[in-house]
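As given, the protein sequences belong to chains U and R, one line each in that order.
Using our numbering, read the first sequence as starting at 67 and increasing by one per residue.
Using our numbering, read the second sequence as starting at 67 and increasing by one per residue.
Below you'll find the structure, written out as structure tokens, and then a few comments.
2 protein chains.
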Amino acid sequence: MNMAVKTRAGQETAADERTEEFSVRQREVLDAVLALMVEEGDGFSMAAVCRRASCSKETLYNWFGDRDGLLTATVQWQASKVKMPVLPGEGLSRVALERALAGFAANWLAVLTSDLSIALNRAAVSHAGQGAGSGKSRLGEIVLTNGPDAMRRRLDPLFAAGRDAGLLAFEDAAEPFRAFFGLAIGDTQIRVLLGGTVRLTEAEREHRAALAAKQFLALYGT
Amino acid sequence: MNMAVKTRAGQETAADERTEEFSVRQREVLDAVLALMVEEGDGFSMAAVCRRASCSKETLYNWFGDRDGLLTATVQWQASKVKMPVLPGEGLSRVALERALAGFAANWLAVLTSDLSIALNRAAVSHAGQGAGSGKSRLGEIVLTNGPDAMRRRLDPLFAAGRDAGLLAFEDAAEPFRAFFGLAIGDTQIRVLLGGTVRLTEAEREHRAALAAKQFLALYGT
DNA sequence: TTGACGCCGTACCGTACGGTACGGTACAGA
DNA sequence: TCTGTACCGTACCGTACGGTACGGCGTCAA
Numbered sequence: 067m068n069m070a071v072k073t074r075a076g077q078e079t080a081a082d083e084r085t086e087e088f089s090v091r092q093r094e095v096l097d098a099v100l101a102l103m104v105e106e107g108d109g110f111s112m113a114a115v116c117r118r119a120s121c122s123k124e125t126l127y128n129w130f131g132d133r134d135g136l137l138t139a140t141v142q143w144q145a146s147k148v149k150m151p152v153l154p155g156e157g158l159s160r161v162a163l164e165r166a167l168a169g170f171a172a173n174w175l176a177v178l179t180s181d182l183s184i185a186l187n188r189a190a191v192s193h194a195g196q197g198a199g200s201g202k203s204r205l206g207e208i209v210l211t212n213g214p215d216a217m218r219r220r221l222d223p224l225f226a227a228g229r230d231a232g233l234l235a236f237e238d239a240a241e242p243f244r245a246f247f248g249l250a251i252g253d254t255q256i257r258v259l260l261g262g263t264v265r266l267t268e269a270e271r272e273h274r275a276a277l278a279a280k281q282f283l284a285l286y287g288t
Numbered sequence: 067m068n069m070a071v072k073t074r075a076g077q078e079t080a081a082d083e084r085t086e087e088f089s090v091r092q093r094e095v096l097d098a099v100l101a102l103m104v105e106e107g108d109g110f111s112m113a114a115v116c117r118r119a120s121c122s123k124e125t126l127y128n129w130f131g132d133r134d135g136l137l138t139a140t141v142q143w144q145a146s147k148v149k150m151p152v153l154p155g156e157g158l159s160r161v162a163l164e165r166a167l168a169g170f171a172a173n174w175l176a177v178l179t180s181d182l183s184i185a186l187n188r189a190a191v192s193h194a195g196q197g198a199g200s201g202k203s204r205l206g207e208i209v210l211t212n213g214p215d216a217m218r219r220r221l222d223p224l225f226a227a228g229r230d231a232g233l234l235a236f237e238d239a240a241e242p243f244r245a246f247f248g249l250a251i252g253d254t255q256i257r258v259l260l261g262g263t264v265r266l267t268e269a270e271r272e273h274r275a276a277l278a279a280k281q282f283l284a285l286y287g288t
């Protein structure tokens with residue numbers, strides 16, 4: 067066990083969203099894992115990873131400790147790659163706000179329905195249920211931090227700025243986020259996770275995102 | 067392989083929501099599986115089921131064919147137990163509509179955050195990602211049919227009745243469902259599935275449900 | 001040149017688990 | 001009483017896979 071991770075730079079201290087620093091070779095391996103997860107979901111074997119990445123098991127275990135470590139590193143590596151659209155801060159106007167929200171929603175929909183996101187979310191959901199105490203494998207936690215939580219950390223300041231600018235009105239600070247999340251995502255995520263054949267086109271995403279932004283402003287706009 | 071299932075009454079022909087007819091003893095076994103899934107998630111062993119239900123492996127395989135068959139039967143058995151609140155049909159008023167929606171949302175939130183639903187959804191999500199062609203194991207399909215789809219089959223007529231009564235206005239028939247789903251559920255389901263510590267009290271569920279109903283009517287009411 | 005090091009490839013070990021086989025028991029019907 | 005059936009309990013088999021050990025090879029520094 068011994069939590070090896072020799073070559074890896076970052077420690078595992080609550081580094082959920084900090085960009086881990088992996089060597090080039092390590093990133094190749096992690097990308098191979100990502101590809102495998104898209105193809106076979108969780109449940110890929112370590113041997114398959116070695117075959118795919120042309121590396122040895124020994125190296126794998128030296129670098130990542132055990133299977134859970136590899137999985138965790140993979141999720142963190144992918145999380146570090148996701149980029150979110152920039153949100154305006156100062157000098158908000160109503161149209162700027164609506165555009166920002168629509169753009170954000172469209173991007174988020176695209177991410178959530180991507181094969182990669184689906185595979186990772188599935189893995190995280192699976193692991194969240196194993197082992198009652200859920201001892202190790204903080205996969206769910208990591209995905210949560212880089213998913214809904216990250217989304218909220220980006221949106222809440224925007225909502226606050228909107229209220230300061232007199233564009234929005236709400237009491238409970240948690241309310242607008244939940245409403246916007248619901249309007250934008252709806253049942254899309256659970257459908258794709260359950261394997262429903264949901265293939266959103268770019269146009270559909272834009273349409274839904276625009277609608278969500280409009281409806282959100284109808285509810286919380288002044 | 068031979069798809070045994072000797073004693074079982076119903077056939078597996080698209081019986082996703084029809085109440086399967088299991089013998090009393092079989093239902094005991096399936097309840098044991100449900101309990102195990104709550105405790106250990108998917109990944110319980112067949113031996114554990116036998117221990118829990120005091121039955122033999124041979125019987126298990128005679129009845130359910132293989133592990134996937136047992137899992138499928140369990141999900142169907144649980145689905146057949148879920149009851150949804152009755153929705154009004156004729157003589158709708160605005161307040162009746164709002165009450166119905168709030169009640170429906172509150173009930174749905176309670177179901178989604180129950181340990182049993184979480185365990186089953188997790189299992190279905192996991193299995194939806196295994197085996198690229200997703201050959202067997204229609205777990206995701208079943209949960210989808212008895213989850214969001216069932217919800218929608220109940221709500222759509224209500225929305226249509228509301229429109230007929232002049233209480234609602236919408237173009238796309240799919241729109242109000244998605245909006246209501248989003249407003250009611252928000253990010254709650256994905257959070258619980260990912261293991262986030264979300265413990266909604268009865269009061270919180272009622273509050274959110276009432277808010278969702280109110281907001282829905284603000285968007286689609288006349 | 002030599003040695004240390006990091007890594008690949010592969011063989012190997014232990015175990016957990018899905019699935020099968022079989023003996024033993026209770027019971028129902030002839 | 002005999003016979004068939006349905007089931008329990010358990011021993012057993014085959015395999016897949018996580019994890020380890022080891023030999024060989026290229027590289028780099030002394």
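For glycine and all other residues, C-beta sits at the position ideal for the given N, C-alpha and C.
Residues near residue i in its chain [Cβ-Cβ closer than 7 Å; skip 5 each side]
i	result
U:G261	none
U:T85	At U:T85, the pLDDT of 45 sits below 50, so the modelled position is not reliable; the number obtained from the coordinates is stated separately. Only S146 meet the Cβ criterion.
U:V209	V141, L186, N187 and A190
U:L102	F110, A114, V115 and R118
Proximal residues to residue i (C-beta, below 8 Å), its chain only, five neighbours per side dropped
i	result
R:A226	A239
R:I126	The identity of residue 126 of chain R in the sequence shown is Leu, whereas the question assumes Ile. The residues are V95, M112, V115, C116 and L136.
U:V175	The sequence shown places Leu at residue 175 of chain U, rather than the Val named in the question. Only A250, I251, T254, L266, R271, R274 and A275 meet the Cβ criterion.
U:S122	C116
U:G232	T288
R:E164	A279, K280 and L283
U:A269	none
Residue i, DSSP secondary structure in three states
i	result
U:L266	coil
U:L233	coil
U:G213	helix
U:G261	coil
U:G109	coil
U:G287	strand
U:Q196	coil
U:S180	coil
R:R204	coil
U:E272	helix
U:E83	Low local confidence applies: a pLDDT of 39 at U:E83 is under 50, so the model's placement there is unreliable, and no value is given.
R:L158	coil
U:L277	helix
U:V152	coil
U:G248	helix
Under 8 Å by beta carbon: chain U residues contacting residue i
i	result
R:P214	D253, I256 and R257
Residue i - containing alpha helix (DSSP H), residue span
i	result
R:R218	A216 to D230
U:E94	V90 to E106
U:G135	R133 to K147
U:A239	U:A239 -> no alpha helix (DSSP H), and no H or E assigned at all.
R:K123	K123 to F130
Residues that residue i contacts on chain R, provided the C-beta gap is smaller than 9 Å
i	result
U:D108	S192, G195 and Q196
Listed by chain order, chain R residues near residue i by CB distance under 8 Å
i	result
U:F247	G248, G252 and D253
U:Q281	A245 and L285
Where residue i meets chain R, residues with beta-carbon distance less than 7 Å
i	result
U:R244	G252 and D253
U:L260	A190, V191, A194, G206, V209 and L210
Buried or exposed by the 16-neighbour rule on C-beta atoms within 10 Å, applied to residue i
i	result
U:P154	exposed
R:S159	exposed
R:N128	exposed
U:V99	buried
U:E207	buried
R:A139	buried
Residues near residue i by beta carbon distance below 6 Å, same chain, minus five either side
i	result
R:N173	P151
U:G287	none
U:V258	T179, I184 and V264
U:P242	F225, F236 and Y286
R:H313	For chain R, the structure presents residues 67 to 288; residue 313 of chain R sits outside this window and is missing.
Under 9 Å by beta carbon: chain U residues contacting residue i
i	result
R:R117	Result: empty, since nearest Cβ-Cβ is about 17 Å, beyond 9 Å.
R:A185	G195
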